[in-house]
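All residue numbers in the sequence shown are consecutive under numbering that gives the first Met the number 0, ending with 134.
We put the beta carbon where it would ideally sit given N, CA and C, even for glycine.
Let me begin by presenting the structure, written as structure tokens, before commenting on it.
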Amino acid sequence: MKYPLIFSLTLLLLGSMACTKKNLDLYQDSAFKIGETKHLGDQNADLTLFKIDDSRCPTQVDCFWAGVATAYFLFEKNGQDTIQLSTTDYETTQTKTQVEHNGYLYRMIEVTPYPDTPESIKPEDYRVRIEITKL
């Protein structure tokens, strides 16, 4: 009785390990606050959200255009670069929802909270979710 139980548990453990996805990084879908830095291990770099511009039209308000939220990240590895991601692609303002950088694709998922009144949102209340995938 003891050996079939051990055998079954071993098979269950091996089966669950086989279903695990490979090459998933902890930061692949990640949320940032302003001023927060995350280390990108396989790139040996740091990524910091340092600024958000938000011109999105508040809910319950009629606006001429929907607006856009843009997040600015500092990418630090042997120097510094800025990665800019927006909630919408606009050619006139050159905002993009995804950017290729250093062999990776950075994609905007969302910026929260969404404005619901004409009052501005405090910078510390913003959260920006992005996805990072290797090309």
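### Nearest-angstrom Cα separation, counted from I82 out to L104
For L104 and I82, the gap between their C-alpha atoms comes out near 11 Å.
### Query
So what does E109 bridge to, in DSSP terms?
When beta bridges are read from the DSSP output, E109 appears opposite R128.
### Task
Starting from Q83, follow the beta strand (DSSP E) in both directions and report where the run begins and ends.
Start and end: 79–85.
### Task
Consult DSSP for Q59 and reduce its assignment to one of helix, strand or coil.
In the structure shown, Q59 sits in coil (DSSP, three-state: anything other than H, G, I, E or B).
### Query
According to DSSP, is D41 helix, strand or coil?
Note: D41 maps to helix in three-state DSSP.
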